[in-house]
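Participant:
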Amino acid sequence: MERGVFIVFEGGEGAGKSTQSGLLARWVSEQGRAVTRTREPGGTPAAEAIRDVLLDVSNTGLDDRAEALLFAAARGDHAMRVIRPALTRGDVVVCDRYLDSSVAYQGAGRDLGLEAVRDLSLWATRDLIPDLTIVLDIDPALGLARVERPDRLEAEPLPWHARVRQAFADLATREPHRYLVVDATADVDQIAARVIDRVRPLIGS
Ligand code: TYD
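To get my numbering, take the position in the sequence shown, counting from 1, and add 71.
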């Protein structure tokens, strides 16, 4: 029995996910709820080690399926050892990136197929799905301009990032009750207020 609430921030590069997840986590804890704030890829020692491999620009030519498997492996460890226990305790989990990042980046960006990539992560996490996913939508040309030292994924060309953006938008359109899409170029406080409006009923505040 899980009593917590699982909230994920998704979006392209430079969309401001960490700023917004930080603001949301602070608001949730001000409401008197315990918060676990975490991120992917990462969140456990093994997943952080996998993250280093995945983002290292010197790993040129990493096979696309190997990449998808590594993201899923990191996610499985994180979901089973951090996210599920936190939800069981009743925490509100606020996570930067999760399963939809794999669907968008590996499924659409690497063209591995949306369903195959989604199924892989569902297998790894024993079907752990967020209660709400907030997509911070931004034109990749703008978002990438905010990135100082591109990692291995960020170094991909613009049309690649445009496919990723479209994939997030499509996922949100398919299941509107599980998603909130926000224009990431809006004012930081305005975005935070929209997010809180949507989260408030989920945490019973
Ligand atoms: P992240 O640390 O969130 O980068 P940023 O803060 O710059 O958005 O994520 C690292 C990169 O990994 C990012 O380019 C997105 C990519 N990624 C995937 O390709 N698949 C995944 O499943 C995840 C979680 C991230």
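Cβ atoms here follow ideal geometry from the backbone N, Cα and C, with glycine treated the same way.
Does the distance between the C-beta of Glu111 and the nearest non-hydrogen atom of the ligand TYD fall short of 7 Å?
Facilitator: yes
Participant: Applying the criterion that 16 or more other CB atoms from any shown protein chain within 10 Å of the CB defines a buried residue, is Arg122 buried or exposed?
Facilitator: buried
Participant: From the DSSP output, which residues share a beta bridge with Glu81?
Facilitator: DSSP, once it has assigned bridges, lists Val206 as partnering Glu81.
Participant: Which residue wins for smallest C-alpha separation from Gly41, given the options Ala226, Glu84 and Glu138?
Facilitator: Any answer about residue 41 is impossible in this case: the structure gives the chain only from 72 up to 276.
Participant: Exposed or buried, which one is Arg74 when buried takes at least 16 other CB atoms within 10 Å?
Facilitator: exposed
Participant: How about Ala143 and Ser100: are their beta carbons less than 8 Å apart?
Facilitator: no
Participant: Determine the direct distance from the alpha carbon of Gly147 to that of Leu140, and round the result to whole angstroms.
Facilitator: 10 Å
Participant: Give me the Cα-Cα distance between Ala175 and Thr244, rounded to the nearest whole angstrom.
Facilitator: 14 Å
Participant: Whole angstroms are fine: how far does the CA of Val76 sit from the CA of Leu273?
Facilitator: When rounded, the distance between both Cα atoms is 7 Å.
Participant: Please classify Arg110 as buried or exposed, where buried requires at least 16 other C-beta atoms within 10 Å of its C-beta.
Facilitator: buried
Participant: Identify every residue that forms a DSSP beta bridge with Leu251.
Facilitator: Ile205
Participant: Let me know if Glu219 comes out buried or exposed under the rule of 16 or more other beta-carbons within 10 Å of its beta-carbon.
Facilitator: Glu219 comes out exposed.
Participant: Going by Cα to Cα distance, which pick from Ala226, Leu199, Leu213 and Phe239 is closest to Ile205?
Facilitator: Phe239
Participant: Are the CB atoms of Arg189 and Leu277 within a distance shorter than 8 Å?
Facilitator: The displayed coordinates of the chain run from 72 to 276. Any statement about residue 277 would go beyond what the structure contains.
Participant: Kindly indicate which residue of Ser129, Gly93, Val128 and Ala145 has the alpha-carbon position closest to the one of Ala118.
Facilitator: When the alpha-carbon of Ala118 is set against those of Ser129, Gly93, Val128 and Ala145, the nearest one is in Ala145.
Participant: Check whether the Cβ of Leu224 lies closer than 7 Å to any heavy atom of the ligand MG, and answer yes or no.
Facilitator: No copy of the ligand MG appears in this structure; the ligands present are the ligand TYD.
Participant: Give me the Cα-Cα distance between His232 and Gln102, rounded to the nearest whole angstrom.
Facilitator: 36 Å
Participant: So, under 8 Å CB-CB, Val266 and Val253 are touching, yes? Tell me the CB distance rounded to an integer number of Å.
Facilitator: 7 Å
Participant: Return the residue from the list Ser276, Gly214 and Leu242 that minimises the CA-CA distance to Lys88.
Facilitator: Ranking Ser276, Gly214 and Leu242 by Cα distance to Lys88 puts Gly214 first.
Participant: Nearest CA to the CA of Met151: which residue from Gly113, Thr196 and Arg269?
Facilitator: Thr196
Participant: Quick check: Gly82 and Ala255, are their CB atoms within less than 8 Å of each other?
Facilitator: Yes, these two residues count as a Cβ contact at 8 Å.
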